[in-house]
Each structure stands twice: as structure tokens, then as C-alpha cells.
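Worksheet: one structure, shown below.
Residue numbers (the working numbering), protein chains in the order written: chain D, 11 to 20; chain V, 728 to 939.
Here it is as C-alpha cells:
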């Protein structure tokens with residue numbers, strides 16, 4: 011998974 | 728989570744609380760663009776769909792719920808509770824000029840071609856320009872209540888804080904999110920004019936007035 015598989019920033 | 732992002736998020740939170748406070752205490756939404764507020768609801772709803780299938784943290788969860796619910800609440804205040812104080816005749820920015828290009832950009836630039844990822848990109852692009860109807864309204868009327876300018880300053884500071892956050896994350900985690908970074912820089916740049924007047928006038932105790 012790439013770092014932006016999910017978005018942790020708002 | 729680093730301090731820059733925390734300051735950014737807190738300043739975003741503060742901006743919303745300032746706006747609600749302004750509307751509640753003055754019992755008026757004069758000077759606030761309904762279109763900008765409606766765009767924020769669109770931004771939050773299309774970005775935070777991952778609430779239903781992805782768990783990041785308790786902090787992340789509550790912030791997302793807060794942003795969606797508070798932005799809807801602001802629309803309610805403007806359209807129902809204090810409706811007579813909302814003047815659509817000065818809120819004339821054509822938002823289709825923002826929605827269309829953002830939709831096209833999202834179809835071109837995204838990390839994965841799925842409904843939620845394209846909506847995520849759309850929300851990032853839309854957020855970067857969502858303040859334009861508000862700034863346009865300010866430009867048209869040439870003045871703003873001081874509390875409204877505090878709202879805008881906090882909102883501008885939010886994305887400004889995200890920029891050092893991205894630099895920090897690049898150094899410490901080797902992470903770069905080109906879509907968020909590009910839009911974030913555009914979004915912050917849109918506030919530069921406003922910040923100039925805010926720092927040179929409002930923070931010196933004068934009224935926010937644009938030169939004629």
C-alpha cells in the first residue's frame with residue numbers, strides 16, 4: 011500500500 | 728501528527744467556532760457568503776466518506792464528524808434561523824465556474840480511479856477555491872465586520888499551517904501528497920491580499936476596509 015491508500019490528514 | 732498540523736486543525740476548528748459565535752451573538756449572518764458555506768459542506772461530505780469504511784484515529788473521526796455537522800449547522804442558521812439577515816443579492820459569484828473545473832481536475836488527477844478517491848480529489852480542489860465567493864463578496868462590499876475578518880484569518884491560517892506540515896512530513900516520513908500540496912498552496916495564496924489588509928488594519932485596531 012502506498013502512503014495515501016488512506017488519507018490521514020483532514 | 729506534528730505541531731504544524733495540530734495548529735492548522737485547531738485554527739480550522741477555531742474559525743468555525745468564531746463564525747457560529749458571530750452569527751449567534753449578532754443574530755445575523757450579514758457579510759457571510761452562503762455559497763462559500765454551501766461549498767464547504769460539499770467539500771466535507773465528499774472528502775469524509777471514508778468515515779464509513781476507514782478508521783484512522785479517534786481524533787480524526789471526531790474532527791470529521793465535527794466539520795460535517797458544524798458546516799451543515801451553519802447552513803441551517805443562514806437559511807432558516809437567521810434567513811432574513813442573509814442577502815443573496817450581494818452573494819453573486821457563479822459557483823458553477825468552480826464546481827465544473829474541480830470535477831474535471833478530479834477526473835484527471837487522483838490517486839486511484841475509484842468513486843471515493845475521485846471525490847476525495849474533487850474535495851481537495853474545491854476546498855482550495857471555496858473561499859472565492861466570500862472574498863468576492865468582501866471585495867464587492869469593500870468592508871467587513873471585525874469578527875468576520877477573524878473568522879477568515881483563522882480559516883486562512885489553517886491551510887497556511889499545513890504547508891510547514893507537508894515540508895516536515897517530507898523530511899521525517901518521506902511522504903509527499905502532490906494533489907494536497909499543490910491545492911494547499913493555491914488555497915493559501917488566495918488569502919494573501921486579505922492577510923495584508925488584516926495585518927495592516929484589523930490587528931492595528933482599525934476597521935477592515937478596502938481602498939476604494
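Every residue gets a Cβ at the ideal spot worked out from N, C-alpha and C, and that includes glycine. Owing to the predicted nature of the structure, the values given are computational and were not obtained by experimental measurement.
Spatial neighbours of residue 776(V) in its own chain (CB-CB distance under 6 Å, excluding positions within 5 residues in sequence) are listed in chain order as 843. Beta bridge pairing from DSSP links residue 741(V) with no other residue. The region 831–918 of chain V is shown to contain whole alpha helix (DSSP H) runs of 4 or more residues at 842–856, 859–868, 873–900, 905–917, in chain order.
Any Cβ of chain D closer than 9 Å to the Cβ of residue 824(V) would place that residue at the interface, and such an atom is absent. Straight across, the Cα-Cα distance linking residue 783(V) with residue 790(V) is about 11 Å.
For residue 859(V), the CB contacts under 8 Å within the same chain, skipping 5 residues up- and downstream, are 763, 820, 825, 917 in chain order. Using beta-carbon distances, residue 907(V) counts as an interface residue toward chain D, with a partner under 9 Å. Looking only at 939(V), 739(V), 903(V), 901(V), the smallest Cα-Cα distance to residue 867(V) is reached by 939(V).
Classified as buried, residue 736(V) has 16 or more neighbouring CB atoms from the shown chains inside 10 Å of its CB. In the DSSP assignment, residue 935(V) forms a beta bridge with 871(V). Nearest to residue 772(V) by C-alpha distance, out of 792(V), 827(V), 760(V), 745(V), is 792(V). Taking a beta-carbon distance threshold of 9 Å, residue 813(V) does not count as an interface residue toward chain D.
Note on geometry: alpha-carbon atoms of residue 740(V) and residue 840(V) lie some 31 Å from one another. Two segments are said to touch when three or more pairs of C-beta atoms, one from each, lie closer than 8 Å; by this definition the region 844–857 of chain V touches the region 901–911 of chain V.
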